[in-house]
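Asks: Below is the structure I would like to discuss, written out as structure tokens.
Here is the structure:
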């Protein structure tokens with residue numbers, strides 16, 4: 448199955464998360480930027496607040512699409528030891544890339560959050576959403592970071608995942624919701640008809656709309 452776009456994928460994912468609808472303890476967290484349009488549909492359909500959680504992939508210099516690790520909000524760093532050892536990457540190289548990505552993470556944090564405090568996740572049910580999992584490295588960093596917040600339950604929800612990343616996530620979270628795990632997988636974008644880059648402006652717009660939706664819903668209730 449190939450999704451029309453991230454919006455359609457989010458709507459399908461929301462249907463599989465119907466058990467979490469209209470619950471006061473639930474919050475949806477999106478991994479920017481590609482996860483935000485997917486998560487927007489999920490949050491809208493299940494009537495839950497939407498926020499973002501910042502994670503940055505640490506790409507191998509010269510082969511940036513290959514993840515040697517990831518960093519997340521809260522100072523968490525996760526390394527893909529197999530890649531690091533295979534390529535003989537030094538600590539200095541890792542630190543140089545991590546410093547660059549930390550600057551971008553901080554920039555996005557300021558832009559997307561606009562001084563809003565990060566939501567309290569303690570004892571809440573957190574649904575962590577992205578547009579797909581290839582290696583799962585960035586999602587793993589997010590999970591490690593969010594575990595420090597001590598949520599009552601942590602879910603990962605993605606429209607599509609490689610079988611390997613799916614199996615790893617099963618061990619790390621309380622539940623993973625994923626409609627399909629094709630094999631061979633190749634890449635996330637292959638499973639979407641329309642898979643454009645998501646802009647900062649689109650992220651900010653969707654977060655604003657989600658806040659308005661949630662406020663309206665709270666008033667209605």
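In our numbering, the protein residues as written are 448 to 668. For each residue, glycine too, the CB sits at the ideal point set by N, CA and C. Keep in mind it's a predicted model, so treat the numbers as computed, not measured.
1. Relative to the C-alpha of residue 503, which candidate in 495, 480, 497 has its C-alpha closest?
2. Suppose you measure from the CA of residue 463 to the CA of residue 537; what does that come to, to the nearest Å?
3. Quick one: using the 10 Å Cβ neighbour count with 16 as the cut-off for buried, is residue 551 buried or exposed?
4. Using alpha carbons as the reference points, say which of 501, 613, 513, 576 lies closest to residue 461.
5. Which residue or residues does DSSP assign as beta-bridge partners of residue 518?
6. Just mark residue 579 as buried or exposed, buried being the case when its beta carbon has 16 or more other beta carbons within 10 Å.
7. Could you tell me the boundaries of the alpha helix (DSSP H) in which residue 542 lies?
8. Look at the Cβ atom of residue 513, then the Cβ atom of residue 506, and state whether they are nearer than 9 Å.
9. Quick one, are the C-beta atoms of residue 623 and residue 476 less than 9 Å apart?
Replies: Looking at the coordinates:
1. 480
2. 43 Å
3. exposed
4. 576
5. 503, 524
6. buried
7. 538–560
8. yes
9. no
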